[in-house]
Amino acid sequence: MNKVMNRIMHFVVYAFKAIDWPLFIILLLFAGLGMLVMHSAVGGYDGRFIGQARNFLIAFCVMWFVALFPPSKIMKIVIPFYVLGCLLLLAVLLFGYTSKGATRWLDVGFARIQPSEMMKLCVPMMLAWYFDKHRSDLRIQDFFIAGVLLAIPFFLIIKQPDLGTALLVFATGFFVIYFAGLSFKLLTPIFIFGLIFIGLVIHFEPMLCEPGFDWVILHEYQKTRVCTLLDPTSDPLGKGFHTIQGMIAIGSGGVYGKGYLQGTQTHLDFIPEQTTDFIFAVFAEEFGLYGSIFLLILYTLLLARCFVITMKAKTQFGALLAGALGMMFFFYVFVNMGMVMGILPIVGVPLPFMSYGGTALVTLGIAAGLLMSISNYTPSKPSS
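Numbering (our numbering), first residue to last: 77 to 460.
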């Protein structure tokens, strides 16, 4: 009996130590704030509010479970998970479930799964593992191989099509490659080309956005999103409606906000997708500039903790993965807030720990668990 009790106590102590408390406290604040805003967005305690509470509970349980495993054990499953993810993406293209013109899901009978979500974590984990294995003799061809490992899931997701998720996967993988030692000089020409390309698109916008003009590299709905970004007033009651209503909600909040549960754009249902992609518009309308600054401070604390974990990581794998996950959070926030404020095209990117969504929250929970695992890992000393 004593042995059983000792084992239980040992596990409880181990589980308690697996938590990175600064990160955990920040996530608790996000959970409380997220549920507060969700209550206003849904207008009460309906099924979606209860569902989000369940999603947070599952995400925290998954986070804790992942945090129990040291990076050395996580590295052993990286390759199988990456291969499985790529095979599932291929299966989606062959016999996936189609909804609203996109084939992104697999119907497995009891549920529909979206394999592209798991690649947001599998890709940076795979690349971090690869660079960790080659850290002693890193060569230029290793960066080429890493680029191939990144390109495979990226193009499989593009084919679905799911540009938003593809960009997130590409961003997290790219940051691993950059942190591994990719020279900034190699990126400068790409950066300059990007600026020139954006300038040309803005200059020739009237011609490029004419009906029937084929962009070739983009689907029609993607072309529409870019053109709507350039001029949302061209179709204020159609394609530009989402962008315009999001900007109106944010602007009408002013400095102090209209007050909790007092958002007219929200409760008169002018804000589209107000529990998911546009939840920041709900928050900004009711809490105003000061509330938005508080939210940005909270995200800054989250990113700061990620980078502290990155700097203190004991292994190359941990440092690269933690840095990439921190930048993933940043990319989520930047893209979501940018599209709601009308400075980026509308893509299906949720606001971390605020938007409704079980899959997205579980993905973020796994990411937080990986960060905690890296934070608390101390390599065992070799026996003499």
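Note that beta-carbon positions come from the ideal geometry of N, C-alpha and C, so glycine has one too.
In this text the structure is predicted, and so the values were computed from the model without any measurement.
Query	Result
For Gly441 and Ile266, I'd like the C-alpha separation in whole angstroms.	33 angstroms
Met404 and Pro191: beta carbons closer than 9 angstroms?	no
Measuring CB atoms only, is the region 408–426 touching the region 384–391, in the sense that at least three cross pairs come out at less than 8 angstroms?	no
Just to confirm before moving on: does the CB-CB distance between Ala400 and Leu244 stay below 9 angstroms?	no
Near Tyr375, which residues of its chain fall below 7 angstroms by C-beta distance, leaving aside the five closest residues on each side in sequence?	Val409
Per DSSP, what are the beta-bridge partners of Ile355 in this structure?	DSSP lists no partner for Ile355.
Note the first and the last residue of the continuous beta strand (DSSP E) segment covering Ser175.	173–175
Using the rule of at least 16 other Cβ atoms within 10 Å of the residue's Cβ for burial, across every protein chain shown, is Cys162 buried or exposed?	buried
Which residues in the same chain as Gly249 place their Cβ atom closer than 7 angstroms to its Cβ, once the five residues preceding and following it in sequence are excluded?	Val199, Pro200, Leu203, Leu226
Please report the distance separating the alpha-carbon of Met323 from that of Arg211.	47 angstroms
Three or more beta-carbon pairs under 8 angstroms between the region 141–157 and the region 443–451, yes or no?	yes
Take the Cβ of Gln338 as the centre, count every other Cβ of all protein chains shown within 10 Å, and call the residue buried at 16 or more, exposed below.	exposed
Give the straight-line distance between the Cα atoms of Ile419 and Ala91, rounded to the nearest whole angstrom.	43 angstroms
Can you tell which of Ile355, Leu379, Ala380 has its C-alpha closest to the C-alpha of Ser368?	Ile355
What alpha helix (DSSP H) runs, 4 residues minimum, are completely inside the region 345–393?	355–388
Which one of Asp238, Gly119, Gly433, Tyr206 has the shortest CA to CA distance from Val224?	Tyr206
Can you tell me whether Ala178 is helix, strand or coil according to DSSP?	strand
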